[in-house]
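For reference, the structure discussed in these notes is given below.
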Amino acid sequence: MRVSCCHLTQSQSWDPVRKWEKLPGKNTFCCDGRVMMARQKGVFYLTMFLIVGTCSLFFAFECPYLAVHLSPAIPVFAIILFLFVMAMLLRTSFSDPGVLPRALPEEANFIEMEIAANGNVPAGQRPPPRIRNVQINNQIVKLKYCYTCKIFRPPRASHCSICDNCVDRFDHHCPWVGNCVGKRNYRYFYLFTLTLSLLTIYIFAFDIVHVVMRSVDKGFLNTLKETPGTYPLNVLVCFFTLWSVVGLTGFHTYLISLNQTTNEDNGSGISLLQIESIIAYGVDPNRPRCRTFQVLPRSDFPHRTDKNMVGFYFCREPILGWSNFHNYHRAGQEVTQGFSVKCLGILKIKVYCRDAISYPCRSHLYM
1 MRVSCCHLTQ
11 SQSWDPVRKW
21 EKLPGKNTFC
31 CDGRVMMARQ
41 KGVFYLTMFL
51 IVGTCSLFFA
61 FECPYLAVHL
71 SPAIPVFAII
81 LFLFVMAMLL
91 RTSFSDPGVL
101 PRALPEEANF
111 IEMEIAANGN
121 VPAGQRPPPR
131 IRNVQINNQI
141 VKLKYCYTCK
151 IFRPPRASHC
161 SICDNCVDRF
171 DHHCPWVGNC
181 VGKRNYRYFY
191 LFTLTLSLLT
201 IYIFAFDIVH
211 VVMRSVDKGF
221 LNTLKETPGT
231 YPLNVLVCFF
241 TLWSVVGLTG
251 FHTYLISLNQ
261 TTNEDNGSGI
271 SLLQIESIIA
281 YGVDPNRPRC
291 RTFQVLPRSD
301 FPHRTDKNMV
311 GFYFCREPIL
321 GWSNFHNYHR
331 AGQEVTQGFS
341 VKCLGILKIK
351 VYCRDAISYP
361 CRSHLYM
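Its first residue numbered 1, the sequence shown is counted upward by one per residue in full-length UniProt numbering.
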C-alpha cells in the first residue's frame, strides 16, 4: 500500500480524540476507555452477587470447620479458584470482543453508488440481497453487507443488535457477563465457565461433606439448627447453578472441538462446512482446531490514540485487513482508482491498494 499525504504545518493544530469516544455503538466506557461493556449491565451485577455471595458463605461457615477437621489446603484452593473465576469474568466483561470499525461516510457513499450501479432491478421485483463474492486463494468467499455499519463484513462476523456493532467471529451476546463474546474475549469466557464449573462442584461437594461430618456427631437436624440458612442456601444455589454452568461448559467444549461458534451452531452464521472461507483466511484444516489458545488479535479500539496517528474513526486499515491484510490481498493486481479521504479537515490522503476487491481502502495516517 502506498500512502501519500501532506505534512501538518506548525500553524495547523488538532485536538487528539480518544478512539473509543468515536465508537457509535451502544457501549459504555470507563477508566479512560480501558473498560468496555454493554449498556445493559444488570444481569452482570447479579452474576457478581451470586458468585461473591456463595463463596463468602462458604469461606465464613464451611472453611473454618473443614480446615481444622480435614485439611487447611481446602480453603486455600477455594480462594485460588475464586480469584481466577473473578479475573476471567472481569476480563471477559471489560474486554473488546472484536468490534469491527464502521465504514467512513465517504466509503459508505462509494459502496452505495457501486451497488446501485451494479444492481439494476426491473420495476416490481425485489432487489437481491447484498452479498459480494470474493475470490481469495482460488476460493469463493461470501461477504454479507451490514446495513448498520455499512460494510461487507468478513466471514464469521455478525452484527449484535444489543451493542449495535459488528463483532469479528461473533459467538453470542451474554447478559451474564454484560458483553458480547467474540474473537478477542472468547478464551476468557470459556476459561470463566470452566473454572466456575470447577468452583461450583468444589463448593457443592464440600458443603455436603461438611453436613455429613457434623451430622455424624450431632445429627442432621441439630446441624441445620446451628447454622440456619447457610447450608440450604449454599447447597441449593450450587445445585441449580451446577447443571447450567457445567452444561454450558460442555457445550462450548464441543463447539471448540468443531471450531464453531454459537451463532453458527444456531444456523445464523457461515457454516464450517464452507471450508473455502477457512482456507482462504489462512486456517489450515489439518492443524488443531481449538481457538481458545490462539494468539490474541489486537483490538481495533485501543483506549489511547497513537501519537503518530491523526484519527481512528476517520482513517483505518483496509476493508479486509482488520487483523492481517497481507493474507487477503492478491499481489500484482493494483487498483488503479485512487480515493481521497478528508480527515479532520486538515489534510487529505490518496490511497492505492493491492486488494482483491475494488474498494477504497481504509488507511492509517502517519505524520
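The beta-carbon is built from N, C-alpha and C at its ideal position, and this holds for glycine as well.
It should be emphasised that the depicted structure is a prediction, and the values quoted were computed from it without experimental measurement.
Task: Outcome for residue 95 when other beta-carbon atoms lying within 10 angstroms are tallied against a minimum of 16 - done: buried
Open item on the list: Considering only DSSP beta bridges, list what residue 173 is partnered with.
Closed with: 180
- [ ] With DSSP as the reference, please indicate the residues paired to residue 152 in a beta bridge.
- [x] 145
Open item on the list: Only counting the same chain, and skipping five residues up and downstream in sequence, which positions put a Cβ closer than 7 Å to that of residue 374?
Closed with: What is shown of the chain runs 1 to 367, which leaves residue 374 out entirely.
- [ ] Could you check what DSSP says for residue 38 in three-state terms: helix, strand or coil?
- [x] strand
Open item on the list: Among the candidates 63, 192, 101, 217, whose CA atom is the shortest distance from the CA of residue 205?
Closed with: 63
Open item on the list: Does the contact criterion of 3 or more C-beta pairs under 8 Å hold for the region 82-96 versus the region 234-244?
Closed with: no
Task: Whole-angstrom distance between residue 212 and residue 219, CA atom to CA atom - done: 9 Å
TODO: May I have the straight-line CA-CA distance separating residue 148 from residue 135, to the nearest angstrom?
DONE: 25 Å
Task: Inter-residue spacing [alpha-carbon to alpha-carbon] between residue 196 and residue 58 - done: 15 Å
- [ ] Starting from residue 187, trace the alpha helix (DSSP H) both ways and give me its first and last residue.
- [x] 186-218
Open item on the list: Tell me which residues share the same chain as residue 248 and place their Cβ nearer than 6 Å to its Cβ, disregarding the 5 neighbours each side in the sequence.
Closed with: 193
- [ ] Closer than 8 Å by C-beta to residue 246: which residues in its own chain qualify, once you throw out the five before and the five after it? Chain order, please.
- [x] 197, 200, 201
- [ ] Look up residue 161 in the DSSP assignment and say whether it is helix, strand or coil.
- [x] coil
Task: For residue 163 and residue 41, believed in contact at Cβ under 8 Å, the rounded distance - done: Going by Cβ atoms, the distance from residue 41 to residue 163 rounds to 12 Å, so no, they are not a contact pair.
- [ ] Classify residue 31 as helix, strand or coil using the three-state DSSP reduction.
- [x] coil
TODO: Locate the beta strand (DSSP E) running through residue 263, then write down its first and last residues.
DONE: Not the beta strand (DSSP E): residue 263 falls in the alpha helix (DSSP H), residues 262-265.
Open item on the list: Looking only at its chain, what residues have a beta carbon closer than 7 Å to the beta carbon of residue 252, apart from the 5 residues adjacent to it on each side?
Closed with: 190, 193
Task: Buried versus exposed call for residue 172 [16 or more other C-beta atoms within 10 Å across all chains shown] - done: buried
Task: CA-to-CA distance, residue 255 to residue 266, given in whole angstroms - done: 11 Å
Task: Exposure of residue 161, with buried meaning 16 or more beta-carbon neighbours within 10 Å - done: exposed
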